[in-house]
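Structure first, commentary second.
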Amino acid sequence: MRLKKGKSTWSALRYLVYFSQVGVTMVTPPLAFCFAAVWLRNRFGWGNGVVIAGLLLGIAVAVCGLRDFLRFTERKAREREQEEKKL
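The numbers in the sequence shown follow the numbering used here, run straight up by one, and end at 87.
This is the structure in structure tokens:
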């Protein structure tokens with residue numbers, strides 16, 4: 001893949017960063033909430049229901065993060081299209 005010169009000099013790198021961000025956004029919240037739920041279960045003697053609730057909450061947070069990221073990329077794409085039309 002060849003990088004274009006000009007405003008989009010680092011377009012390939014930008015997309016690589018976007019891809020990495022999506023991965024981190026989708027993996028981190030469920031793992032963090034699961035670890036916190038397991039800690040709560042072990043520390044306070046709560047049942048396994050807290051782990052299930054933590055997993056579901058982590059997935060919900062990951063989906064919200066993905067939705068926000070997709071909105072961001074869509075907005076950036078529209079802005080680029082508008083800039084190209086002006087030129």
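The C-beta atom is built at its ideal place from N, Cα and C for all residues, glycine as well.
- Item | Boundaries (first-last residue) of the alpha helix (DSSP H) holding Trp39 | Working through the sequence shown from its first residue, we reach residue 39 at position 39. For Trp39, the enclosing alpha helix (DSSP H) covers residues Ser11 to Phe44.
- Item | Three-state secondary structure assigned by DSSP to Leu87 | As a working note, residue 87 is residue 87 in the sequence shown. Coil.
- Task: State whether the segment 19-32 contacts the segment 57-64, with contact taken as three or more CB pairs (one from each stretch) at a distance under 8 Å.
- Result: In short, these stretches touch, since the Cβ pair count reaches three.
- Task: Apply the 10 Å Cβ neighbour rule to Ala77 and answer buried if 16 or more other Cβ atoms are within range, or exposed otherwise.
- Result: Against the sequence shown, residue 77 aligns to sequence position 77. With fewer than 16 other Cβ atoms within 10 Å, it is exposed.
- Query: Does the Cβ of Gly23 have 16 or more other Cβ atoms within 10 Å, making it buried, or fewer, making it exposed?
  - Reply: Along the sequence shown, read from residue 1 onward, the residue named residue 23 stands at position 23. Around the beta carbon of Gly23, a 10 Å sphere encloses fewer than 16 other beta carbons of the protein chains shown; the residue is thus reported as exposed.
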